[in-house]
Amino acid sequence: MITGLTASVGLFPASISHGVGSQVQKPLAVVVGGMLVGTILLLLFFPRLLKFVEVKEI
6 MITGLTASVG
16 LFPASISHGV
26 GSQVQKPLAV
36 VVGGMLVGTI
46 LLLLFFPRLL
56 KFVEVKEI
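Here my numbering is used: the sequence shown runs in plain steps of one and ends on residue 63.
Listed below in structure tokens is the structure:
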């Protein structure tokens with residue numbers, strides 16, 4: 006979780022730059038977005054999904 010967050014924060018400035026050569030860095034925004042979405046899914050969605058699917062034992 007911390008690794009994904011630090012990588013996203015570190016790559017964010019490079020992904021939104023408008024300087025020379027920024028066209029090469031634009032696909033990096035997809036990677037940053039994927040890491041952020043993956044972290045959100047890991048923290049919020051999957052625990053709720055597992056709780057919903059969990060079978061109650063007697």
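Glycine included, each C-beta is placed from N, C-alpha and C at the ideal position.
With a 10 Å radius around its C-beta and 16 neighbouring C-beta atoms as the bar for buried, classify residue i as buried or exposed.
i     : result
SER13 : buried
VAL25 : exposed
If you run the structure through DSSP and keep just helix, strand and coil, what is residue i?
i     : result
SER20 : helix
PRO52 : helix
MET40 : helix
GLY26 : coil
VAL60 : coil
If we ignore side chains and look at the alpha-carbon of each, how far apart do residue i and residue j end up?
i     : j     : result
PHE57 : LEU49 : 13 Å
VAL35 : PRO18 : 13 Å
THR44 : PRO52 : 12 Å
THR11 : VAL37 : 10 Å
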